[in-house]
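First up is the structure itself, then whatever we jot down about it.
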Amino acid sequence: MRAPLDAPGVALAAETLIALRHEALAARRASVTAALPGGVSIRARGQGLEMAGTRAYVPGDDIRRIDRGTSARTGRLHLREFSAERDRVTLLVADFRPSMFWGVGRVFLSVAAAEALALIGWQTVEEGGRVGLLALSADGAEVVRPGGRARGMLEVIGAMVRAHAAGLAATRDGAVDPALDAMLEPAARLAPTGAEIVLASGFETPGEGLADRLGALGRRRALRLFLVTEALAGRLPPGRYPIRPMGGAPVTLQLGSDGPAAPPTDRAEIAGQSALVLDAADHPSQTARRLAAEGRAP
Numbered sequence: 003m004r005a006p007l008d009a010p011g012v013a014l015a016a017e018t019l020i021a022l023r024h025e026a027l028a029a030r031r032a033s034v035t036a037a038l039p040g041g042v043s044i045r046a047r048g049q050g051l052e053m054a055g056t057r058a059y060v061p062g063d064d065i066r067r068i069d070r071g072t073s074a075r076t077g078r079l080h081l082r083e084f085s086a087e088r089d090r091v092t093l094l095v096a097d098f099r100p101s102m103f104w105g106v107g108r109v110f111l112s113v114a115a116a117e118a119l120a121l122i123g124w125q126t127v128e129e130g131g132r133v134g135l136l137a138l139s140a141d142g143a144e145v146v147r148p149g150g151r152a153r154g155m156l157e158v159i160g161a162m163v164r165a166h167a168a169g170l171a172a173t174r175d176g177a178v179d180p181a182l183d184a185m186l187e188p189a190a191r192l193a194p195t196g197a198e199i200v201l202a203s204g205f206e207t208p209g210e211g212l213a214d215r216l217g218a219l220g221r222r223r224a225l226r227l228f229l230v231t232e233a234l235a236g237r238l239p240p241g242r243y244p245i246r247p248m249g250g251a252p253v254t255l256q257l258g259s260d261g262p263a264a265p266p267t268d269r270a271e272i273a274g275q276s277a278l279v280l281d282a283a284d285h286p287s288q289t290a291r292r293l294a295a296e297g298r299a300p
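Those letters in the sequence shown? Residues 3 to 300, per this note's numbering, in order.
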């Protein structure tokens, strides 16, 4: 018999996150088609067709990309560089603090956050970028420095699964949320100037300095926030709901006019920043389409 904490939607499985590569690519293809006039599908130009500059030749470079003009002018061999060669780094920040380990529908909020980040990660490496991880839990942080291709994404997935298991165990043992602002401190070191930071969280226990922290991170980086919610909790009939945490004493959750309000359906403001609202009940394919559509929005 499967233990409750090992059940799908409670535990995080590497196989689930690996399988999301297909969802990310399918949503990306659909997004490209939808953005075209009349919905006509064409072969999209990939990165690398726009020249970004030149650089000095080093042994092993492709001699077919030698720029004759620059080489003749400088007296040294130079190669053409294209836009795809500009280093794109995406840092995924997963909130696995105790407040994320609950849910009344498809999966825990923590699992939904991991799914959304995995979709972003797969899209990044498929486009030639590098992806890293900062996973936050009551036990500390799990860090993976940015790496490229499928191998880099698999390292991120492995670390995410380990961090989720540690966070789930800490929650079971009665841990409480550390302040989010303090836990985000390593993000500035992991994400260089010009990088993208994607944070998926419920934003509970934000800490007094969250607005300043997010503002500083977004000053020289592209900051994307995902507010992971459980919309069904806001639609339950008003009343008192008894809940017994695993291994803990029973508690009562009050829902209704005096209870938690239903969250916005699209976007919310978090510490002065705009956040995309994601419902943990949504299937990953639906989330993938939303993320792809947001990615092409002006």
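Note that CB positions come from ideal geometry on N, CA and C, so glycine has one too.
Quiz item: Buried or exposed: Pro-194, going by 16 or more other Cβ atoms within 10 Å of its Cβ?
Solution: exposed
Quiz item: Are Leu-138 and Phe-110 closer than 8 angstroms when you measure CB to CB?
Solution: no
Quiz item: Nearest to Val-106 by CA position, among Val-12, Ser-287 and Leu-94, is which residue?
Solution: Val-12
Quiz item: Taking the alpha-carbon positions, what's the Ser-276 to Ala-218 distance?
Solution: 15 angstroms
Quiz item: Cα separation between Ile-159 and Gly-71?
Solution: 45 angstroms
Practice problem: Keeping to the same chain, check which residues put their C-beta closer than 6 angstroms to that of Arg-226; ignore five residues upstream and five downstream. | Solution: Val-200
Quiz item: Whose C-alpha, out of His-285, Ala-184 and Ala-190, is nearest the C-alpha of Glu-232?
Solution: The closest CA to that of Glu-232, considering only His-285, Ala-184 and Ala-190, is found on His-285.
Exercise. Compare the beta carbon distance of Ser-203 and Ala-120 with 8 angstroms and say whether it is the shorter of the two.
Key: Result no, Cβ atoms of Ser-203 and Ala-120 do not sit closer than 8 angstroms.
Quiz prompt | Residue span of the alpha helix (DSSP H) that contains Asp-183, given as start and end | solution = 182-185
Self-check item: Presumed contact (8 angstroms Cβ cut-off) between Gly-130 and Val-146, rounded CB distance
Solution: Not confirmed; about 18 angstroms, so no contact.
Quiz prompt | C-beta atoms of Glu-206 and Asp-175 nearer than 8 angstroms | solution = Not closer than 8 angstroms, so no.
Quiz item: Looking at the structure shown, is Ala-96 part of a helix, part of a strand, or coil, going by DSSP?
Solution: Strand, per DSSP.
Self-check item: Local Cβ density within 10 Å of Val-60, reported as buried at 16 or more and exposed below that
Solution: exposed
Quiz item: When the Cα atoms are used, what is the spatial distance from Arg-164 to Arg-31?
Solution: 31 angstroms
Quiz prompt | beta strand (DSSP E) segment containing Glu-198, residue limits | solution = 198-203
Exercise. Could you please give the first and the last residue of the uninterrupted beta strand (DSSP E) stretch that includes Leu-227?
Key: 224-231
Self-check item: Separation of Thr-76 from Arg-292, as counted between CA atoms
Solution: 48 angstroms
Quiz item: Ala-273 lies in the alpha helix (DSSP H); which residues open and close that run?
Solution: Neither: Ala-273 is in no alpha helix (DSSP H) and is coded neither H nor E.
Quiz item: Can the beta-carbon of Leu-280 be found less than 8 angstroms from the beta-carbon of Leu-216?
Solution: no
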